[in-house]
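Just so you know, the sequence shown maps onto residues 80 to 611 in my numbering. Notes to accompany the following structure.
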Amino acid sequence: MAREQLSLYDTTLRDGAQTHGVDFSLEDKLLIAEQLDGLGIDYVEAGYPGANPTDTKLFGEKRKLGTKLTAFGMTKRPGRSISNDPGFQALLAAEADAICLVGKTWDFHVDVALGITLDENLAGIKESVAAVVASGREALLDCEHFFDGYKANPDYALSCAKAGYEAGARWVVLCDTNGGTLPEEIEAIVTEVVKQVPGDHLGIHVHNDTDNGVANSLAAVRAGARQIQGTLNGLGERCGNANLTSIIPTLMLKTDYAERYETKVTPQKLATLTHASRILDELLNRAPNRHAAYVGESAFAHKGGIHVSAVQKDPRTYEHVPPDSVGNVRRLLISDQGGRSNIMAQLERIGIAVPKDDPRVARLLEVVKEREAVGYAYEAAEASFELLARRLLGNVPQFFDVDSFRVMVERRHNALGELVTISEATVKARINGETVMSVGEGNGPVNALDNALRKDLGPYQCFIDDLKLVDYKVRILTGGTDAVTRVLVESRDGEGRRWFTVGVSPNIVDASFEALLDSINYKLIRDGAPAP
Ligand SMILES: [Zn+2]
80 MAREQLSLYD TTLRDGAQTH GVDFSLEDKL LIAEQLDGLG IDYVEAGYPG ANPTDTKLFG
140 EKRKLGTKLT AFGMTKRPGR SISNDPGFQA LLAAEADAIC LVGKTWDFHV DVALGITLDE
200 NLAGIKESVA AVVASGREAL LDCEHFFDGY KANPDYALSC AKAGYEAGAR WVVLCDTNGG
260 TLPEEIEAIV TEVVKQVPGD HLGIHVHNDT DNGVANSLAA VRAGARQIQG TLNGLGERCG
320 NANLTSIIPT LMLKTDYAER YETKVTPQKL ATLTHASRIL DELLNRAPNR HAAYVGESAF
380 AHKGGIHVSA VQKDPRTYEH VPPDSVGNVR RLLISDQGGR SNIMAQLERI GIAVPKDDPR
440 VARLLEVVKE REAVGYAYEA AEASFELLAR RLLGNVPQFF DVDSFRVMVE RRHNALGELV
500 TISEATVKAR INGETVMSVG EGNGPVNALD NALRKDLGPY QCFIDDLKLV DYKVRILTGG
560 TDAVTRVLVE SRDGEGRRWF TVGVSPNIVD ASFEALLDSI NYKLIRDGAP AP
């Protein structure tokens, strides 16, 4: 039997960005969009052009992605024509494949929040969707508060959804904006809506305020909706959005859904899910939820003699799906198997081929474990992991040595009488037996060190001329007796390739320096710089 296609729509970068304490940089957004693209997500809603500089810039140029990059915005402002609505114009100017408009569908909101008549609101929805369609872009209509609206005034809520569909929206998305609707209500209401708007044009967008975000999304699919909107790790304001990190494996690994539906996520892509989930956490400077379904560190951890021995006989005794199907690993307290397969997966991802029983793999695992215990994290910092692995597995040339560095931070009044803080760094390096001393200035100690270190690397200078430090994240870890600092540095070269490196130390400058050194060494190796 042919399976029905489900469309997956990710809004981590827009709705997820509403989360308390979350602030994505442009670089973060591009990196996450790439991850989602790699995962096989159909639509990536990346922001709200015109609403803030980051999103305006993101949509300011065409991005090379397979997924449909989607801009989010409001339907036109009441009482204005579309040509006279700057917000709407910013949306139409966006380099986006699709535009998702949010429109009000709850009579109470139209009345109280907008203060216009129900008919005016309906006309605004039609006109706005039609304008997107006329611009040659795919249109989606987010029906805000649809379920609350339906309960208050079903005819009106339905007429809004129908208006969007008839005006040409590819998807009409039913939103449980306040997140309080329960699965049985969702299923019953969607069943009614499908009679008016075909299910293969209906989407579901729910929030998790009763912890039913996943259940509500699945309920809508059962009732006929064919697009699911959600976020990675369930990121989102209040209690979060529907969690795609749980929904996707459920659709693929649970027979009832797997037999009936398919998405663009292949089994190979599903195996990158845990990695994508962890990268998001690292970019957000958050500790991953170890108890997260499917991708959490504890999701396939077994403790206690009976469980462990049963799992070793047959994993199905205590596991509902195989951990490697989602890129996770089994953790048994009595063996290193989990860690070893984790390392093997990482090596494979970066293209290092080595037999599984090679004793150096065990050694690498040991070193990684030791380093993780003192604060290193390699999920995002793949360049540092690669360096570490190559050092242990093969031979990484020692391009240069840093004998010492010194950083000075001075706060003083300048000639104009303004209070300024400047940093100056001196780095003493040895290259091919020659000692080179470089001085750099910067607005902070790390910037000054970076400038000094990269001022003169002799024969290697030409390899790092196009290296740019684009982002820098600091996390204070307070695990043991003393706080340590973990620094994640993101670098980019002239061709737009990006890589991440990590450094850890009780001293923030030291940790940063380590990450900077890794970044330079990684670039030299990748670009085939000759050994001294
Ligand atoms: Zn939402």
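Built from N, CA and C at the ideal position, the CB exists for glycine as well.
- residue 498 - containing alpha helix (DSSP H), residue span: For residue 498, there is no enclosing alpha helix (DSSP H); the residue is part of the beta strand (DSSP E) that begins and ends at 498 to 510.
- Item | Distance between beta carbons of residue 129 and residue 166, contact taken as under 8 Å | 6 Å
- Jot down the residue ranges of each uninterrupted beta strand (DSSP E) in the region 295 to 352, minimum 3 residues, whole runs only, in chain order. 306 to 309
- Three-state secondary structure (DSSP) of residue 168: DSSP places residue 168 in helix when its eight states are reduced to three.
- Around the C-beta of residue 374, are 16 or more other C-beta atoms found within 10 angstroms, so that it is buried, or is it exposed? buried
- Per-residue DSSP class, three states only, for residue 547: strand
- Residues that DSSP places opposite residue 250 in a beta bridge: 219
- Item | Own chain residues within Cβ distance below 6 Å of residue 275, not counting five before or after | 237, 241.
- Message: Let's see if you can read the secondary structure: which residues bound the beta strand (DSSP E) around residue 571?
- Response: Run containing residue 571: 563 to 571, per the beta strand (DSSP E) assignment.
- Task: Leaving aside the five residues before and after residue 478 along the sequence, list all residues of the same chain whose C-beta is less than 7 Å from its C-beta, in chain order.
- Result: Taken in chain order, the residues that qualify are 539, 600, 603, 608, 611.
- Whole angstroms is fine: what's the gap from residue 244's alpha carbon to residue 454's? 52 Å
- Task: Determine the burial state of residue 93: buried for a count of at least 16 other Cβ atoms within 10 Å of its Cβ, exposed for fewer.
- Result: buried
- Under 7 Å Cβ to Cβ from residue 414, same chain only, skipping five residues before and after it: list those, please. Note on residue 414: pLDDT 45, under 50, position unreliable in the model; no value is reported.
- Do you know offhand how far residue 163's Cα is from residue 259's? 36 Å
- For residue 290, is the beta carbon positioned less than 6 Å from some heavy atom of ligand 1? Incorrect: residue 290 has no Cβ contact closer than 6 Å to ligand 1.
- Inter-residue Cα distance where the pair is residue 233 and residue 246: 20 Å
- Top-ranked residue by Cα proximity to residue 256, from 272, 249, 292, 191: When each option's Cα is compared against that of residue 256, the closest is 292.
- Buried versus exposed call for residue 498 [16 or more other C-beta atoms within 10 Å across all chains shown]: exposed
- Just the Cα atoms here: how many angstroms apart are residue 354 and residue 118? 10 Å
- Between the Cα of residue 466 and those of 517, 582, 522, spot the shortest distance and give me the residue it belongs to. 582
- Between the region 83 to 92 and the region 110 to 127, are three or more C-beta pairs nearer than 8 Å? Contact holds between the region 83 to 92 and the region 110 to 127, because three or more Cβ pairs, one in each stretch, are under 8 Å apart.
- Item | Stretch-stretch touch, CB-based, cutoff 8 Å, three pairs: the region 278 to 289 with the region 328 to 335 | no
- Item | residue 240: first and last residue of the uninterrupted alpha helix (DSSP H) it sits in | Unbroken alpha helix (DSSP H) run through residue 240: 233 to 245.
- Beta-bridge partners of residue 555, as assigned by DSSP: 564
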